[in-house]
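Following the numbering used here, the numbering of the sequence shown begins with 1 at its first residue and continues without gaps.
Note that CB positions come from ideal geometry on N, CA and C, so glycine has one too.
One structure below.
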Amino acid sequence: MAVSSNSPRANAAGGTRTSVAAEDYLEKIEQLIARKGYARVVDIAAELKISQASVTAMVQKLDAEGFVKYEKYRGMVLTSSGLEVARRIAHRHKLLTDFLRAIGVTDEKVIYDDVEGMEHHISPETFKAIESLTRYLEKNPSVVAKAAGKK
Ligand code: ZN
């Protein structure tokens with residue numbers, strides 16, 4: 001069943017209803033604030049490669065939904081629920097990156113692109129299983145080498 005990336009759905013890990021696009025924006029806004037101290041529409045547009053008009057529309061929507069506080073000339077801040085979503089996605093991003101590295105994927109661009117897709121679409125149960133497996137593989141790298149036929 002095809003699901004539009006803008007359709008709201010119950011978020012697997014949290015219960016806050018956020019779309020894939022909203023999660024990507026909140027993740028990016030949090031990164032920008034952490035890195036530069038602020039997030040402006042122009043910066044988000046550049047990083048997500050989306051027009052400023054589209055970014056403005058999405059940021060206004062996120063403001064209306066209570067995830068950010070947006071003031072046209074001053075940029076935006078995340079609300080506590082916006083921060084919660086952003087941190088959840090960041091946590092998933094990091095774990096899935098660790099997972100792909102642990103199973104032997106080495107191309108950083110492939111890892112990044114795959115993680116950006118996967119992080120929105122994994123149930124809490126599967127996520128937990130991936131987490132245990134990742135920690136196991138990190139402690140036992142010979143398992144992966146053996147599977148790849150390198151030992
Ligand atoms: Zn991500």
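Residues in its own chain within less than 6 angstroms of residue i by CB, not counting five upstream and five downstream?
i	result
V55	V41, I44 and A45
L100	I111
E84	none
Mark residue i as exposed unless 16 or more other C-beta atoms lie within 10 angstroms of its C-beta, in which case mark it buried.
i	result
T18	buried
H121	exposed
A22	buried
Y136	exposed
Y70	buried
D113	exposed
A102	buried
Under a three-way DSSP split, which group does residue i fall into?
i	result
Y136	helix
V110	helix
Y25	helix
G37	coil
G149	coil
V105	coil
G15	Low confidence applies to G15: its pLDDT is 49, below 50, so where it sits in the model is not reliable, and the reading given next is rough at best. Of the three classes helix, strand and coil, the one that applies to G15 here is coil, per DSSP.
K94	helix
Short of 7 angstroms in beta carbon distance, which residues of its chain neighbour residue i, apart from the five on each side in sequence? Order them along the chain.
i	result
E131	L95
Taking a contact to mean a Cβ-Cβ separation below 8 angstroms, would you say residue i touches residue j in this structure?
i	j	result
G82	L26	yes
A64	I29	no
M76	A39	yes
F67	R92	no
So with Cβ pairs under 8 angstroms, would you call residue i a contact of chain C?
i	result
R87	Annotation note: the requested chain C is absent from the structure, which comprises a single protein chain.
Suppose the cutoff is 8 angstroms on Cβ atoms and the five residues either side in sequence are ignored; what does the same chain contact list for residue i look like?
i	result
E138	D98 and A102
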